[in-house]
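Peer 1:
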Amino acid sequence: MSTTGLRPVSDLPRATPLGDIAGVVSAAREAATSGRTRSRAWRVSTLRQLRELVVAHEDALLDALAADLSKPRFEAWAAEIGFILTDIDHTLANLDRWMAPERVPTPVTFQPGSSHIVREPLGVACVIAPWNYPVQLLLVPMVAAIAAGNAVVGKPSELAPHAADVVEAIVRGLDDPAVGVVLGGVAETTELLTHRFDHILYTGNGRVARVVMRAAAEHLTPVTLELGGKSPAIVTASADLEVASRRLAWGKFLNAGQTCIAPDYVLVERSVHDRLVDELRARVREFYGADPRTSPDLARIVNDAHFHRLEKLLHAGTVAVGGDTDADTRYIAPTVLTDVTRDDPAMAEEIFGPVLPVIAVDSLDEAIAFVNADDKPLALYTFSGDDTDHERVIAATSSGGVCVNGTIMHISNPHLPFGGVGESGMGAYHGRAGFDTFSHRRSVHERSTRLDPSLLYPPYSASKLRLVRRGLTLPDPRDLWARGVGRLRRRNG
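Residues 254 to 746 in our numbering are what the sequence shown spells out, letter by letter.
1. Let me know the secondary structure DSSP gives residue 739 once reduced to three states.
2. Would you call the CB atoms of residue 512 and residue 635 closer than 9 Å?
3. Roughly how many angstroms lie between the CA atoms of residue 293 and residue 431, to the nearest whole one?
4. I think residue 518 touches residue 587, with their Cβ atoms under 8 Å apart; what is that distance to the nearest whole Å?
5. Using a Cβ-Cβ cutoff of less than 7 Å, which residues in the same chain neighbour residue 623 once the five nearest sequence positions on both sides are dropped?
6. Between 498, 523, 485, which lies nearest to residue 654 when the distance is taken from Cα to Cα?
7. With H, G and I counted as helix, E and B as strand and the rest as coil, what does DSSP make of residue 564?
8. Cβ atoms of residue 583 and residue 621: under 9 Å apart, would you say?
9. Might you give, ordered along the chain, the residues of its own chain that have their beta carbon closer than 8 Å to the beta carbon of residue 494, omitting 5 neighbours on each side?
10. Looking at residue 691 and residue 314, is the spacing between their C-beta atoms short of 9 Å?
11. Considering only residues of the same chain and omitting the five flanking positions on each side of residue 306, which have a CB-CB separation below 6 Å?
12. From the DSSP output, read off the bridge partner residues of residue 607.
13. Applying the 10 Å Cβ sphere with the 16-neighbour rule, what's the burial state of residue 697?
14. Closer than 6 Å by C-beta to residue 738: which residues in its own chain qualify, once you throw out the five before and the five after it? Chain order, please.
15. Which word fits residue 410, buried or exposed, when buried means at least 16 other C-beta atoms lie within 10 angstroms of its C-beta?
16. Taking the alpha-carbon positions, what's the residue 361 to residue 723 distance?
17. The beta strand (DSSP E) that contains residue 439, what's its start and end?
18. I need the boundaries of the beta strand (DSSP E) containing residue 453, first residue and last residue.
19. Between residue 400 and residue 348, is the Cβ-Cβ spacing less than 9 Å?
20. By Cβ distance below 6 Å, which residues in the same chain neighbour residue 468 in space, the five residues on each side in sequence not counted?
21. With 16 as the cutoff for other CB atoms within 10 Å, does residue 563 come out buried or exposed?
22. Considering just the uninterrupted stretch of the alpha helix (DSSP H) at residue 621, what are its terminal residues?
23. Kindly identify the DSSP beta-bridge partner or partners of residue 612.
24. Kindly give me the distance between the Cβ atoms of residue 407 and residue 391, rounded to whole angstroms, as I take these residues to be in contact under 8 Å.
25. Can you give me the start and stop residues for the beta strand (DSSP E) that residue 374 sits inside?
26. Kindly list the residues whose CB is nearer than 8 Å to the CB of residue 695, restricted to its own chain and excluding five residues on each side of it in sequence; keep chain order.
27. Which residue marks the beginning of the beta strand (DSSP E) containing residue 408, and which one marks its end?
28. Mark residue 652 as exposed unless 16 or more other C-beta atoms lie within 10 angstroms of its C-beta, in which case mark it buried.
29. So, helix, strand or coil for residue 602, using DSSP?
30. Could you tell me whether the segment 589-609 touches the segment 565-574, using the rule of 3 or more Cβ pairs below 8 Å?
31. Any idea which residues DSSP pairs residue 430 with across the strands?
32. Just to confirm, are residue 650 and residue 633 a CB contact at a threshold of 9 Å?
33. Please specify which runs of the alpha helix (DSSP H), each continuous and at least 4 residues long, are wholly inside the segment 636-681, giving them in chain order.
34. Which whole-angstrom value is the C-beta distance of residue 681 and residue 688, which I expect to be below 8 Å?
35. Could you check whether residue 616 and residue 522 sit closer than 9 Å to each other, using their CB atoms as the reference points?
36. Give the single residue among 413, 641, 271, 428 whose Cα lies nearest to the Cα of residue 321.
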């Protein structure tokens, strides 16, 4: 792809001056404090304008992603631009419903009265994005923050400088201090985090997440952390191996494996181990040809440091597929490793590259035990022809999300919260979950003044206590109904 329309890296505005960052944050704070970001009109107008700007900058974004990561045009559009547009459309379609007060029951003992929940903006949000999906992972959380009525400051990754440059132009096109952006690296991020925000969403690794949490703690700021981990795939003997291999290869080698929910390794029942490896070999050839380095559909590693880290992982086990590298172009072939043990470097950390260990196990129970011996992953994938196998895995393990007989796709459903658990993160976003993340659920109880019984007021008496005991322990009709429905569900399996 031609990238001649992009500015050279040396000419890019690599960093916001440290002295200017306070101004970006204070402008966002002033916008939030004024109350103008709370209105439906501002939210809808800003989201529509943002959508128009993304569409207007589509070619520039595609060129930037090609320059930074050699992303194929298809992957760049589908996983970045298309993802953002779909998210904005879904948000606009549902915004009125999300903003509406949520009526909740009021117990009989609190009548006459009514109760509801109002979702109100938190104030000013901060979104810190990584380099692997530098546009989507910045703008989708910002969409959620705007939809919830917040001002927001975004921080794109300095490791994808062309994408950061285009994103900065998109935000600048909004011409609204309620939505700001800060460019730069560690120094600029450190300065940004000294300021008070009302919510911080960070996507990246656990080491930096701890830095973000420490900075947030200074202001008692809540955080959402989207991290990663070693997301396993389990393949049983009853699985359709051709389908499983296709979906594993796609999920793993998408963006050259630089995806936080890419299958990190495969646990396969021993009886079909060799067949699965053969199928994976066939899929790599089917997807990328006899020489994947010539394929226009395979991205490259983001920088030299990550390239050399990944290259070292190839020395453990047996290279069954791929294994070729080229330091000049940061190319690593789609690679399948066998004969890998838990003690090998490839199993010591999240791989985050196009290297897939395939490990034989003797049973599903062994696979489950293997998964549970590690930290809770961001995603878990199961392939089997038996639904009870999927149910067993889901019941016996913990992960941020699960995809049955597939990979990656659960992240694209806006009705599913996306987030981690334990070391893979905390909190969630996407769709309604993102709106709720950047909202305060404010409880409201309304009382009538027509009746004002003296039961709760001093002076207290034994008779009042007896009435209160009876009233507060009286089963609420709605609870009785819920209990009955629960019994029916258990009885019907």
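Note that CB positions come from ideal geometry on N, CA and C, so glycine has one too.
Peer 2: The structure says:
1. Along the sequence shown, read from residue 1 onward, the residue named residue 739 stands at position 486. Residue 739: helix per DSSP, three-state reduction.
2. Taking the first residue of the sequence shown as position 1, residue 512 is located at position 259. Taking the first residue of the sequence shown as position 1, residue 635 is located at position 382. Contact: no.
3. For the purposes of this step, residue 293 is taken as residue 40 along the sequence shown, with counting starting at 1. For the purposes of this step, residue 431 is taken as residue 178 along the sequence shown, with counting starting at 1. In a straight line, the C-alpha of residue 293 is about 15 Å away from that of residue 431.
4. What you label residue 518 is simply residue 265 of the sequence shown in a count that begins at 1. What you label residue 587 is simply residue 334 of the sequence shown in a count that begins at 1. Between residue 587 and residue 518 the Cβ distance is about 15 Å, and since that is not below 8 Å, they are no contact.
5. Mapped onto the sequence shown, residue 623 falls at position 370. So the list reads 520, 614, once near-sequence residues are dropped.
6. Within the sequence shown, the letter at position 401 stands for residue 654. The option with the nearest alpha carbon to residue 654 is 485.
7. Sequence index remark: in the sequence shown, residue 564 carries index 311 (1-based). In the structure shown, residue 564 sits in a helix (DSSP, three-state: H, G or I).
8. By one-based count along the sequence shown, residue 621 stands at place 368. By one-based count along the sequence shown, residue 583 stands at place 330. Not in contact: residue 621 and residue 583 (Cβ atoms no closer than 9 Å).
9. The residue labelled residue 494 in the question sits at position 241 within the sequence shown. So the list reads 488, 525, 528, 529, 532, once near-sequence residues are dropped.
10. By one-based count along the sequence shown, residue 314 stands at place 61. By one-based count along the sequence shown, residue 691 stands at place 438. No.
11. In the sequence shown, residue 306 corresponds to position 53, counting from 1. These residues qualify, in order along the chain: 423, 426.
12. Numbered from 1 along the sequence shown, position 354 holds the residue referred to as residue 607. None, per the DSSP bridge assignment.
13. As a working note, residue 697 is residue 444 in the sequence shown. It counts as exposed.
14. The residue given as residue 738 occupies position 485 in the sequence shown. Cβ neighbours of residue 738 beyond the five flanking positions: none.
15. For the purposes of this step, residue 410 is identified with residue 157 of the sequence shown, where counting begins at 1. Burial call: buried.
16. For the purposes of this step, residue 361 is taken as residue 108 along the sequence shown, with counting starting at 1. For the purposes of this step, residue 723 is taken as residue 470 along the sequence shown, with counting starting at 1. The straight-line gap from Cα to Cα measures roughly 12 Å.
17. Indexing the sequence shown from 1 puts residue 439 at position 186. First-last for residue 439: 439-445, but that is the alpha helix (DSSP H), not the beta strand (DSSP E).
18. Your numbering for residue 453 matches position 200 in the sequence shown. Looking at the DSSP string, the run of the beta strand (DSSP E) that includes residue 453 is 452-456.
19. To locate residue 400, count along the sequence shown from 1; it is residue 147. To locate residue 348, count along the sequence shown from 1; it is residue 95. Contact: yes.
20. In the sequence shown, the residue the question calls residue 468 occupies position 215. Closer than 6 Å at the Cβ level, and outside the excluded window around residue 468, lie 446.
21. Numbered from its first residue, the sequence shown carries residue 563 at position 310. Label assigned to residue 563: buried.
22. Counted from its first residue, the sequence shown places residue 621 at position 368. Segment 617-625, the alpha helix (DSSP H) holding residue 621.
23. Mapped onto the sequence shown, residue 612 falls at position 359. Under DSSP, residue 612 takes part in a beta bridge, and its partners are 520.
24. Along the sequence shown, one-based indexing puts residue 407 at 154. Along the sequence shown, one-based indexing puts residue 391 at 138. Yes, residue 407 and residue 391 are in contact; Cβ-Cβ is about 5 Å, under 8 Å.
25. Within the sequence shown, numbered from 1, the residue matching residue 374 stands at position 121. Where residue 374 is concerned, the enclosing beta strand (DSSP E) stretches over 366-374.
26. Looking up residue 695 in the sequence shown gives position 442. Non-local beta-carbon contacts of residue 695 in its own chain, meaning distances under 8 Å to residues more than five positions away in sequence, involve 370, 371, 372, 373 in chain order.
27. By one-based count along the sequence shown, residue 408 stands at place 155. Unbroken beta strand (DSSP E) run through residue 408: 404-408.
28. The residue given as residue 652 occupies position 399 in the sequence shown. Classification for residue 652: buried.
29. Working through the sequence shown from its first residue, we reach residue 602 at position 349. The answer is coil: DSSP assigns residue 602 none of H, G, I, E or B.
30. yes
31. Start at 1 with the first residue of the sequence shown, and residue 430 comes out as number 177. Per DSSP, none; premise fails for residue 430.
32. Reading the sequence shown from its first residue, position 397 is the one you call residue 650. Reading the sequence shown from its first residue, position 380 is the one you call residue 633. A contact, by the Cβ cut-off of 9 Å.
33. 640-649
34. Along the sequence shown, read from residue 1 onward, the residue named residue 681 stands at position 428. Along the sequence shown, read from residue 1 onward, the residue named residue 688 stands at position 435. Actually they are not in contact, since the Cβ atoms of residue 681 and residue 688 sit about 11 Å apart, beyond 8 Å.
35. Translated into positions along the sequence shown, residue 522 becomes position 269. Translated into positions along the sequence shown, residue 616 becomes position 363. Yes. Within cutoff.
36. Along the sequence shown, one-based indexing puts residue 321 at 68. Selected option, being the one with the closest Cα: 413.
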